[in-house]
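J.: Quick note on numbering: the sequence shown equals residues 31 to 171 in our numbering.
The structure follows.
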Amino acid sequence: MSINELQDEVIAEFSDFDDWMDRYQLLIDLGNEQEPLEEKYKTEQNLIEGCQSRVWLQADDVDGKIVFRAESDALIVKGIIALLIKVLSGHTPDEILNSDLYFIDKIGLKEHLSPTRSNGLLSMVKQIRMYALAFKAKEGK
31 MSINELQDEV IAEFSDFDDW MDRYQLLIDL GNEQEPLEEK YKTEQNLIEG CQSRVWLQAD
91 DVDGKIVFRA ESDALIVKGI IALLIKVLSG HTPDEILNSD LYFIDKIGLK EHLSPTRSNG
151 LLSMVKQIRM YALAFKAKEG K
């Protein structure tokens, strides 16, 4: 599936719920469904700066596509990073760099997060794009 198809899937999933308490629960469930990150990846290097809670993001190149794994010590944040991974993991650096992450606004995520969580969300997206840039530069060598 393309990044946009995955975003549309997320939008459809969230549109089933009108109440933001239900949407928060969906986020928490998504976070809890995620495989825990192996301890060896919980390093300072993998910590995302700009997040109030601790978020570790591991990126690996698998046959030219970037596979992301992550974990957070906060339930909602774990759900947010799980959403980003669901949409962006398994795609090429170019696909990630060229993607317009419209699902964040469409599901109302930004407006229902505290300012610090919103900054954290932006930091997560920025870190994912930085990994994509790094892998793209490596390919170009």
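Yeah, the Cβ is synthetic: ideal placement off N, Cα and C, and Gly gets one too.
Predicted, not measured: the structure shown is a model, and the values here were computed from it.
Rounded to whole angstroms, what is the Cα-Cα separation between residue 87 and residue 53?
T.: For residue 87 and residue 53, the distance between alpha carbons rounds to 23 Å.
J.: Tell me whether residue 157 is buried or exposed, calling it buried when 16 or more other Cβ atoms sit within 10 Å of its Cβ.
T.: By the neighbour-count rule (16 or more Cβ atoms within 10 Å), residue 157 is buried.
J.: Just curious, the beta strand (DSSP E) that residue 98 is in, first and last residue?
T.: Segment 95 to 102, the beta strand (DSSP E) holding residue 98.
J.: Using alpha carbons as the reference points, say which of 126, 66, 50 lies closest to residue 155.
T.: The option with the nearest alpha carbon to residue 155 is 126.
J.: Here's the rule: buried if 16 or more other CB atoms are within 10 angstroms of the residue's CB, otherwise exposed. What is residue 101?
T.: The residue in question, residue 101, is buried, as its Cβ has 16 or more Cβ neighbours within 10 Å.
J.: Check the DSSP bridge columns for residue 92 and list the partner residues they point to.
T.: The partner list for residue 92 (beta bridge, DSSP) reads 95.
J.: By the three-class DSSP mapping on this structure, what secondary structure does residue 60 have?
T.: If DSSP states are grouped into helix, strand and coil, residue 60 belongs with the helices.
J.: Helix, strand or coil: which one does DSSP assign to residue 131?
T.: In the structure shown, residue 131 sits in coil (DSSP, three-state: anything other than H, G, I, E or B).
J.: Buried or exposed, going by whether 16 or more other CB atoms sit within 10 Å of the CB of residue 37?
T.: Buried: at least 16 other Cβ atoms inside 10 Å.
J.: Would you call the segment 54 to 61 and the segment 118 to 133 in contact, with 3 or more CB pairs under 8 Å?
T.: As far as the Cβ criterion goes, the segment 54 to 61 does not touch the segment 118 to 133, which means the pair count is below three.
J.: Output needed for residue 105: all residues of its chain with C-beta closer than 7 Å, excluding positions within five of it in sequence on either side, in chain order.
T.: Taken in chain order, the residues that qualify are 58, 61.
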